[in-house]
Amino acid sequence: MTMNQCGLLNKVIEGCFNEIYLIDAANSTYLEVSQIAQDKLGYAFEELQHMRPWQLARDFTQLEWQQQLEPLFTPGQQQKISISTYHTCKNGTQYPVLLNIMRDTSEGRDLLIVVGKDMSIQQRAITASAESDERCAAIVANLPGVVLQLLLNIDGTTRYMFLSANCESTLGVMPEILYISPSKFIEIILPEDRASYLTSMHESAQTQNHWNWEGRIWVEQWSDIKWIYLRAVPRMLEDLSVIWEAIITNITARKLIDVEIHLYRQRLTELSAHIERIKEQERMRIAREIHDEMGGNLVAVKMILHTLENRLPADQPWLTEKTHYVDTLIDRTIEAGHRIARDLRPSVLDLGLIPALDWQIKEFEKQYGIRCSFSTNKSDISLTPEHATAIFRMIQEALTNIAKHANATYASLAIIYTRTSISLTIADNGCGLETDHDSKPNSFGLLGMAERCKEIGGTILVDSQPNNGCVIAIKIPLIGQTRNPQFEEPMNDQLSLL
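Everything in the sequence shown is counted per my numbering, starting at 1 for the first residue and increasing by one.
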């Protein structure tokens, strides 16, 4: 080797980031040690000249070191070996190192060229990766459901790539069974829910949107039906197959609560309807009592008063004035009784819903001075008393709300009557409702209307913007209700608005 070659080699050695050692193969002494190696070990070259490789390598004695090197000295064996060990520094610390050792006899000397690579960073990465895997495994194991990977092949077949340990406790099926037979999951889905499962899966595959599905499964080992919820995120692979990362949770408890809430609301609705019926009956009774008993008694008093008036002495005119005053009070009381009876239950409602509403509109205009229009496509609407009363009360409540809160100058009521339904629209040009009107503690008017509407199977929609009026649309089905058999006009559910 020339001087130039030696100089170039030294530059390469010093510029290399790995540790480089040149060792005499005969006596295992260090001939050259790169500065990087000296710095890592904390030994100067002069110190290393008096040391041997097995003194630096933590895991080897002299004999074990020599045994590791035997393939380099055996004819026909490999001329390069790798040894993983720990180097011990001068200060006693250790670090992992991979030693790549090659034997060279080309220059007439038997040399070992050793390149050491510090494996600390790689080992930390491996340790961190292992810890991360352990954390992920612990999280997955403690999730309240099954974590899975499902692959949909382009031929339509499916395969489970991963199933967490909670598979059996959630689905009642061991993961090994689903790995072997993925169709087993579809088999445990109740027949009436399978179509929605498959449809939602293929829709997610085609659109690459999240896959959300809930349905029922039969758990054989518990002999029970469970509700489950699946949420998955799809990924399209290069071969156009689709894989989902998903979680399946047991939502049976939530569903049972939903059923209880539904039954509770149903009972409340039935109770509310019963209370309303009792209230209407009581209104009718009180109105009848006022009209018959009190009205009859006041008429009798009035007749007796007239009889007494005819018998009063002519020389006491002040008594005649008193009788006239009492007679006026009786008339006022009779009129007040009629008004109270009408408010409790208008007798005009017995003539039909349309005449009753026409009367209510006129009373509204007279009492509040707000112009109000009324239109209907049928003047003769035959309904059950329950439906007629509920509709009348809803309109009455809506008009009262307009008068009290809307600051409106105009209102309208439109009724569309068809073979199967009756639609009502109440509109005004007032100040409108606040966006959170449903949650306001004093919005009992709208709540009462909604409750009445629900009792007879109807729906109610409120469309309102602040300072832009309000429209209330009500639609009530009439299936099974008494209707006008002469009605021959085609269905028209368009609502007349302002």
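Backbone N, C-alpha and C fix where the C-beta goes; we use that ideal spot for every residue, glycine too. Computed from a predicted model, the values in this text were never measured in an experiment.
Residues bridged to residue i (per DSSP)
i: Asp-327; result: According to DSSP, which records beta bridges pairwise, Asp-327 is partnered with nothing at all.
i: His-87; result: Ala-57, Tyr-95
i: Arg-216; result: Trp-227
i: Cys-372; result: Ala-411
i: Asn-100; result: Ser-82, Val-115
i: Ile-426; result: Leu-413, Ile-472
i: Met-236; result: Val-242
i: Glu-500; result: Not covered by the structure: residue 500. The range shown for the chain is 1 to 498.
For residue i, the first and last residue of its enclosing alpha helix (DSSP H)
i: Phe-185; result: 183-188
i: Cys-136; result: 120-142
i: Glu-64; result: 62-73
i: Leu-349; result: Unbroken run through Leu-349: none, as it is neither H nor E.
i: Leu-41; result: 35-41
Where residue i falls: helix, strand or coil (DSSP)
i: Thr-418; result: coil
i: Glu-499; result: Residue 499 lies beyond the stretch modelled for the chain, which goes from 1 to 498, so this question has no answer here.
i: Asn-401; result: helix
i: Met-303; result: helix
i: Thr-149; result: The question names Thr, but residue 149 in the sequence shown is Gln. Strand, per DSSP.
i: Asn-442; result: Low per-residue confidence applies at Asn-442: pLDDT is 45, beneath 50, and the placement is therefore not dependable enough to give any value.
i: Ile-381; result: coil
i: Trp-318; result: helix
i: Thr-333; result: helix
i: Thr-499; result: Nothing about residue 499 can be reported from this structure: the residues present for the chain run from 1 to 498 only.
i: Arg-339; result: helix
Nearest-angstrom beta carbon gap, residue j and residue i [assumed within contact, 8 Å]
i: Ala-411; j: Cys-372; result: 4 Å
i: Thr-420; j: Pro-466; result: Going by Cβ atoms, the distance from Thr-420 to Pro-466 rounds to 35 Å, so no, they are not a contact pair.
i: Pro-53; j: Ile-20; result: Wrong, their Cβ atoms sit about 13 Å apart, outside the cutoff.
i: Phe-392; j: Leu-351; result: Contact doesn't hold; Cβ gap of about 12 Å is too wide.
i: Ala-398; j: Ile-370; result: About 12 Å separates the two Cβ atoms, so there is no contact after all.
i: Thr-85; j: Phe-60; result: 7 Å
i: Ile-228; j: Leu-190; result: Not a contact, Cβ separation roughly 11 Å.
i: Gln-123; j: Pro-96; result: 5 Å
i: Ala-141; j: Ser-169; result: Not really, about 11 Å apart at Cβ, beyond 8 Å.
i: Gln-149; j: Glu-238; result: Not confirmed; about 17 Å, so no contact.
Residue i - containing beta strand (DSSP E), residue span
i: Cys-470; result: 470-477
i: Ile-460; result: 459-464
i: Glu-47; result: Here Glu-47 belongs to no beta strand (DSSP E); instead the alpha helix (DSSP H) covers 45-48.
i: Ile-23; result: 19-24
i: Met-312; result: A small fix is needed here, since residue 312 is Leu in this sequence, not Met. Counting along the chain, Leu-312 falls outside any beta strand (DSSP E), and DSSP gives it neither H nor E.
Query - Length at least 4, wholly inside the segment 151-213: the alpha helix (DSSP H) runs in chain order - result: 167-171, 175-180, 183-188, 191-207
Requested in this report: Could I get the ranges of all uninterrupted beta strand (DSSP E) runs contained in the segment 242-298, with 3 residues as the minimum, in chain order?
Outcome: 242-250
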